[in-house]
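Taken in order, the sequence shown gives residues 1 to 287; the numbers are from UniProt numbering. Yeah, the Cβ is synthetic: ideal placement off N, Cα and C, and Gly gets one too. Quick caveat: nothing in here was measured; it's all calculated off a predicted structure. See below for the structure under consideration.
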Amino acid sequence: AAPPPQNTHLLMDTPTHSRVFLYLTISYINSITVLLFTCLSPKSVSGPEFQYIRVGVGHRLEAFSSRVLVLGVGQANKALTDLYRSHVTRDYTLEGEFGMATDNFSHTGRLIERTTYDHITRDKLEKVLAMMQGSNQKALLTYSKVDMNTQEAYELAAKGKLRPHGKSPPIMTGLRLLHFQPPHFTLEVQCLNETQRYLCRILHEVGLELRSTAVCKGVCRTRDGPFTVQHALTRQHWTAPGVIQAIQQSRKATKIQERRQEIEEEAAVTGDYHRLHLVLTSKAFGS
Numbered sequence: 001a002a003p004p005p006q007n008t009h010l011l012m013d014t015p016t017h018s019r020v021f022l023y024l025t026i027s028y029i030n031s032i033t034v035l036l037f038t039c040l041s042p043k044s045v046s047g048p049e050f051q052y053i054r055v056g057v058g059h060r061l062e063a064f065s066s067r068v069l070v071l072g073v074g075q076a077n078k079a080l081t082d083l084y085r086s087h088v089t090r091d092y093t094l095e096g097e098f099g100m101a102t103d104n105f106s107h108t109g110r111l112i113e114r115t116t117y118d119h120i121t122r123d124k125l126e127k128v129l130a131m132m133q134g135s136n137q138k139a140l141l142t143y144s145k146v147d148m149n150t151q152e153a154y155e156l157a158a159k160g161k162l163r164p165h166g167k168s169p170p171i172m173t174g175l176r177l178l179h180f181q182p183p184h185f186t187l188e189v190q191c192l193n194e195t196q197r198y199l200c201r202i203l204h205e206v207g208l209e210l211r212s213t214a215v216c217k218g219v220c221r222t223r224d225g226p227f228t229v230q231h232a233l234t235r236q237h238w239t240a241p242g243v244i245q246a247i248q249q250s251r252k253a254t255k256i257q258e259r260r261q262e263i264e265e266e267a268a269v270t271g272d273y274h275r276l277h278l279v280l281t282s283k284a285f286g287s
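What follows is the structure in C-alpha cells.
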C-alpha cells in the first residue's frame with residue numbers, strides 16, 4: 001500500500017464552539033511510523049504559538065507486519081508502560097512457507113538453504129505444534145511461580161490465564177494451525193514478551209522439527225492486550241473526531257486491564273488463587 005501523507009490537517013470543534021486545528025505529522029524512524037500531533041488555536045494559526053501532544057508507540061511492529069499498533073496520546077504514554085508491565089498477551093497470524101531458510105527467518109533475509117517439503121502432512125504439522133505448545137506451557141508454569149497443587153491454579157492454567165511473575169523470556173500461550181496448503185501454511189499464535197524475530201523463529205523451528213525449513217512471509221497482529229482490530233482506526237478515520245472517540249473507547253479497556261493486574265499481583269502475594277480464578281473467569285474480564 002502507498003505510504004500515508006506526511007502531513008494531515010485536522011479541524012475540530014470544541015465544547016465552546018471555538019475551533020482548534022490539529023496537525024498530524026507522520027515520519028519514519030527505524031521502520032516505525034511515528035505520529036506527532038500539533039494543536040493550534042485559531043490565533044496561533046497565524047502566529048508562532050503551538051502545543052505539542054506527545055504520541056508514544058506501544059509494542060512495535062516490523063516493516064512487513066500489520067494490523068493492531070497501540071499508540072499512547074499525551075498522558076496515556078504512562079499507561080503504555082503500565083500496560084506492558086502487566087504481562088499482556090498478544091495474538092498474531094503468521095504466514096509461513098516451507099522449503100527455504102534465511103539468515104533472519106523471514107522472506108526478506110538472505111537465502112541460506114532450500115529443502116524439500118513433500119513429506120509434510122497436516123497431521124505431522126499439528127503434532128509438532130502440540131509438542132511446541134506443551135513445552136511452552138511448562139515454561140509458563142515455571143515462571144508463574146504458582147502452586148499447581150491447588151485446583152484453582154490448575155484451572156487457570158487449563159484456561160490459559162496464568163502469567164509470569166516478574167521477568168520472563170518470550171512464551172507462547174496458544175498455538176494452532178489455521179491453513180495448510182504446502183508449501184504455504186498459516187498459524188495463529190498467542191504469546192507474551194515476544195519480539196518480531198521470535199515470531200519468525202517459531203516458523204523456522206516448525207520447519208526444522210518437520211525435517212525441512214520454513215520462513216515467515218507475514219506477521220499480522222490481531223490483538224494487543226485488551227485492544228483488538230475492532231479498536232483500530234483505519235486510515236480514513238485518522239480525523240480529530242475519530243482519534244477522540246478511539247481514546248474514549250480505550251479507557252474502559254485499560255481500566256479492566258489495570259484491575260486485572262492488581263488482582264494478579266495480590267494473588268501472587270497472598271496465594272488466594274480461588275479468588276483470582278473467580279474474577280478472571282467472570283464476564284467482566286472476558287475469556
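Helix, strand or coil, according to DSSP, for residue i in the structure here?
i, result
"serine 168", "coil"
"arginine 211", "coil"
"glycine 225", "coil"
"cysteine 200", "helix"
"glutamine 230", "helix"
Out of the options, point me to the one whose CA is closest to residue i's CA.
i, options, result
"proline 170", "Ala63, Val88 and Val215", "Val88"
"arginine 114", "Leu208, Lys167 and Gly72", "Leu208"
"serine 168", "Asn136, Thr121 and Val219", "Asn136"
"leucine 69", "Gly58, Ala130, Gln75 and Ala76", "Gly58"
"glycine 56", "Cys200, Ala76 and Tyr92", "Ala76"
"glutamine 181", "Arg122, Thr213, Leu156 and Val229", "Arg122"
"glutamine 190", "Arg221, His184, Asp82 and Arg85", "Arg221"
"leucine 177", "Leu71, Tyr92 and Ile53", "Tyr92"
"asparagine 193", "Ala139, Val146, Arg251 and Leu203", "Ala139"
"leucine 125", "Trp238, Gly218, Ile244 and Leu210", "Leu210"
"methionine 100", "Met131, Cys200 and Thr213", "Thr213"
"valine 243", "Arg163, Leu233 and Met148", "Leu233"
"residue 289", "Gln249, Arg201, Arg110 and His179", "Since the displayed the chain opens at 1 and closes at 287, residue 289 lies outside it and no answer follows."
"valine 146", "Gln133, Phe98, Arg163 and Met131", "Arg163"
"glycine 134", "Leu156, Leu175, Arg110 and His184", "Leu175"
"leucine 111", "Ile120, Asp118 and Phe98", "Phe98"
"isoleucine 247", "Tyr52, Leu80 and Phe64", "Leu80"
"threonine 195", "Thr150, Asn104, Tyr52 and Lys161", "Asn104"
"valine 128", "Val206, Val229, Ala240 and Gln236", "Val206"
"valine 219", "Gln230, His231 and Leu203", "Leu203"
"lysine 252", "His231, Gln236 and Thr239", "His231"
"serine 86", "Ala153, Lys161 and Tyr154", "Lys161"
How close, in whole Å, do the beta carbons of residue i and residue j come, if the pair is a contact with beta carbons under 8 Å?
i, j, result
"tyrosine 143", "histidine 165", "7 Å"
"cysteine 216", "serine 66", "Incorrect: roughly 13 Å between the Cβ atoms, too far for contact."
"glutamate 62", "threonine 186", "No, glutamate 62 and threonine 186 are not in contact; Cβ-Cβ is about 18 Å, not under 8 Å."
"aspartate 224", "arginine 90", "5 Å"
"methionine 172", "methionine 132", "7 Å"
"methionine 148", "alanine 158", "Not a contact, Cβ separation roughly 11 Å."
"glycine 72", "isoleucine 53", "Actually they do not touch by this definition, with Cβ atoms about 11 Å apart."
"valine 183", "tyrosine 84", "This sequence places proline at residue 183; valine is not what is there. In fact, because the Cβ distance is near 35 Å, the residues do not count as touching under 8 Å."
"threonine 108", "phenylalanine 64", "6 Å"
If we define contact as Cβ-Cβ less than 7 Å, is residue i a contact residue for chain B?
i, result
"phenylalanine 227", "The structure shown contains no chain B; it holds only a single protein chain."
Tell me the start and end of each unbroken beta strand (DSSP E) in the UniProt domain "Pseudouridine synthase II N-terminal" (52–195) that is at least 3 residues and wholly inside, in chain order. 55–57, 65–67, 71–73, 90–98, 100–102, 111–114, 171–181 and 184–192, all fully within the UniProt domain "Pseudouridine synthase II N-terminal" (52–195).
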